[in-house]
Amino acid sequence: MPLHKGPAKSDDDADERPSTVNPFYGEANPVGGMTEAPPQHRLPDGPLAPSTAYQLVHDELMLDGNSRLNLATFVTTWMEPQADVLLGECRDKNMIDKDEYPRTAELERRCVAMLADLWNAPDPAAAVGCSTTGSSEACMLAGMALKRRWTKRNADRYPGRGARPNLVMGVNVQVCWDKFCNFWEVEARQVPMEGDRFHLDPGAAAELCDENTIGVVGVLGSTFDGSYEPIAELCAALDELQARTGLDIPVHVDGASGAMVAPFVDEDLVWDFRLPRVASINTSGHKYGLVYPGVGWALWRSAAELPDELVFRVNYLGGDMPTFALNFSRPGAQVVAQYYTFLRLGREGYRAVQQTTRDVARGLAERIEAFEDFRLLTRGDQLPVFAFTTAPGVTAFDVFDVSRRMRERGWLLPAYTFPANREDLSVLRVVCRNGFSSDLAQLFTEDLARLLPELRRQSQPLTRDKGAATGFHH
């Protein structure tokens, strides 16, 4: 997320340009009671009529992209009208104030229990978890628990004696894991990409582990190409490592997207709490959990995996309330919306939604491959996400040209380069979500087909600064 800075000042614009006010936004008489237009970068001196303030904000937001045509984001962009009503009814409820809003707290508890059951916890009633503002916060909590458990096991040599905790992961992890390692002073040990392997290799991950490793992160659905990392193989490699060295390394599964896809359409895939080495799992309710942003979930196999000293208890809201989230006050509306969606769809409903989304992704990938201008890296048969690049021999344009031209038609199609050791590979990625229908996929294909003849006539790719052109968003 960029840090927002104040507007740049110029010699020609000592006084900033104010917003303009259409006379029709005022009273019944268009010229009666008109006031000076409000400034944009300082508080206005006085209030505006609510209708005027609304219209000013509404008009400016018209220049945003259409979220339904955003193929970069994994975040839910459509919910049913009934969910919108519930969100409106609960927007004033503070999720942390469980004493004041006990039924909202109960719905959160039920969601945790449902996820524990969905992810095959040995005893769903004993699993512990909480809602978060998204997977980034959930990953922070999981990382904190891993580090604290390692710290307690190594209290005789940490801090001090040169011991520095490390976390092993693939280079393809979401940026929140880099943030965690930076914020909590943990060494990030990343397995690079190699050839056509675009995520973590289990053997290479095990080789990076030592007595200072707090855990290994496995990603169920890489944001770079939509592929699942082999969680079972990762656990097996760590089992072999323990048998050989005695090192007992836990695994956290970052299931931001896949943890709400695999249980329904890949039921035979073993990746969750059925693997004894998996200590914790997170997911984004606002991705394939089918809820508007922002809600995530963090779950631990049992209370033993979540050190009690990370749980804080407060009573100044009127009751004894344990909390182990990073944020304090946050809306309860998205938790209510998550429970509504669980109740509304059930297992069969989720299965139908996720299978349909995967079918759309696979069908669109096949149509793009048929153009012969592109080469598929993945096909949307794991996450409903696929990545593709230009085919060998295509020299007139590159993926950044395609992204820019598709934006002219309203499509937000991200183009970006892969990380080490595949910085040479630039790709486009399509994220298919509920609401991105087969009809929209057909329109996307038609728009791509219309611009390809123009791209083929270029003498060379037109993008000079690929770093500035990238549109990659997790």
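The numbering of the sequence shown is our numbering, which starts it at 475 and goes up by one.
Where a beta carbon is used, it is the ideal one built from N, C-alpha and C, also for glycine.
Cβ shell of residue i (< 7 Å), same chain only, five flanking positions each side left out
{"i": "GLY806", "result": "CYS564, LYS567, ASN568, MET569, TYR575, THR578"}
{"i": "PRO724", "result": "LEU620, GLY689, ARG751, ALA753"}
{"i": "PHE946", "result": "Because PHE946 carries a pLDDT of 49, less than 50, the predicted location of this residue cannot be relied on, and no value is offered for it."}
{"i": "GLY909", "result": "ARG542, THR551, TRP552"}
{"i": "GLU668", "result": "ASN895"}
{"i": "HIS726", "result": "ALA616, LEU620, GLY689, VAL691, ALA753, SER754"}
{"i": "GLU611", "result": "GLY770, ALA799, LEU800, ASN801"}
{"i": "ARG584", "result": "TYR813"}
{"i": "ASN540", "result": "GLY884"}
{"i": "GLN664", "result": "MET643, GLY644, VAL645"}
{"i": "VAL739", "result": "ARG825, GLN828, GLN829, ARG832"}
{"i": "ALA865", "result": "GLU846, ASP847, PHE848, ARG849"}
Reduced DSSP category for residue i - H, G, I as helix; E, B as strand; rest coil
{"i": "GLN916", "result": "helix"}
{"i": "ILE723", "result": "coil"}
{"i": "CYS604", "result": "strand"}
{"i": "PRO805", "result": "strand"}
{"i": "GLU668", "result": "strand"}
{"i": "GLN934", "result": "coil"}
{"i": "VAL868", "result": "coil"}
{"i": "LEU886", "result": "strand"}
{"i": "LEU773", "result": "strand"}
{"i": "LEU560", "result": "helix"}
{"i": "VAL834", "result": "helix"}
{"i": "SER900", "result": "strand"}
{"i": "VAL765", "result": "coil"}
{"i": "ASP921", "result": "helix"}
{"i": "PHE798", "result": "coil"}
{"i": "TYR790", "result": "With a pLDDT of 47 at TYR790, under the threshold of 50, the modelled position of this residue cannot be trusted; read the value that follows with caution. Correct three-state label for TYR790: coil."}
{"i": "ARG631", "result": "coil"}
{"i": "ARG516", "result": "coil"}
{"i": "VAL985", "result": "Nothing about residue 985 can be reported from this structure: the residues present for the chain run from 475 to 948 only."}
{"i": "ALA711", "result": "helix"}
{"i": "GLN716", "result": "helix"}
{"i": "GLY539", "result": "coil"}
{"i": "VAL827", "result": "helix"}
Start and end residues, alpha helix (DSSP H) containing residue i
{"i": "TRP593", "result": "Unbroken run through TRP593: none, as it is neither H nor E."}
{"i": "PHE874", "result": "873 to 882"}
{"i": "ASN656", "result": "649 to 657"}
{"i": "LEU743", "result": "Per DSSP, LEU743 belongs to no alpha helix (DSSP H) and is neither H nor E."}
{"i": "ALA527", "result": "524 to 535"}
{"i": "GLU681", "result": "676 to 681"}
{"i": "GLY617", "result": "609 to 627"}
Proximal residues to residue i (C-beta, below 6 Å), its chain only, five neighbours per side dropped
{"i": "ARG748", "result": "ASN594"}
{"i": "TYR814", "result": "ALA557, LEU560"}
{"i": "ALA711", "result": "PRO676, GLY677, ALA680"}
{"i": "VAL602", "result": "TRP774, ALA777, LEU780"}
{"i": "GLN716", "result": "ASP722"}
{"i": "ALA870", "result": "ARG930, GLN932"}
{"i": "ASP699", "result": "PHE672, LEU851, THR852, ALA861"}
{"i": "ARG903", "result": "ALA861, PRO888"}
{"i": "LYS696", "result": "The sequence given here places Ser at residue 696; Lys does not occur at that position. The answer, listed in chain order, is ASN646, HIS673."}
{"i": "TYR790", "result": "Residue placement at TYR790 is poorly supported in this model, since its pLDDT is 47, which falls under 50; the coordinates still yield a value, given next. The answer is none, since no qualifying residue turns up."}
Boundaries of the beta strand (DSSP E) in which residue i is found, first to last residue
{"i": "TRP552", "result": "No beta strand (DSSP E) contains TRP552, which DSSP labels as neither H nor E."}
{"i": "TYR890", "result": "889 to 891"}
{"i": "THR757", "result": "752 to 758"}
Beta bridge counterpart(s) of residue i as assigned by DSSP
{"i": "ARG663", "result": "VAL642"}
{"i": "TYR702", "result": "LEU694"}
{"i": "GLY689", "result": "LEU641"}
{"i": "THR863", "result": "ARG849"}
{"i": "ASN908", "result": "DSSP, once it has assigned bridges, lists no residue as partnering ASN908."}
{"i": "ASP728", "result": "VAL693, ASN756"}
{"i": "ASN568", "result": "PRO805"}
{"i": "ASN544", "result": "LEU886"}
Close Cβ partners of residue i (< 8 Å) along its chain, the five nearest in sequence each way excluded
{"i": "PRO518", "result": "PRO512"}
{"i": "PHE657", "result": "MET614"}
{"i": "PHE845", "result": "LEU922, ALA923, LEU926"}
{"i": "ASP684", "result": "ASN640, LEU721"}
{"i": "MET588", "result": "PHE816"}
{"i": "ASP782", "result": "none"}
{"i": "THR937", "result": "ASP872, PHE874, ASP875, ARG878, ALA943"}
{"i": "PRO598", "result": "ALA587, ALA590, ASP591"}
| request: Give a yes or no on contact between the region 906 to 916 and the region 821 to 837, applying the rule of three or more CB pairs nearer than 8 Å. | output: yes
| Cβ contact (3+ pairs, closer than 8 Å) linking the region 765 to 778 and the region 855 to 870 | no
| Are the region 634 to 646 and the region 694 to 709 in contact at 8 Å, needing three or more beta carbon pairs? | yes
| task | Answer yes if the region 726 to 742 comes into contact with the region 622 to 629, meaning at least three C-beta pairs across the two stretches below 8 Å, and no otherwise. | result | no
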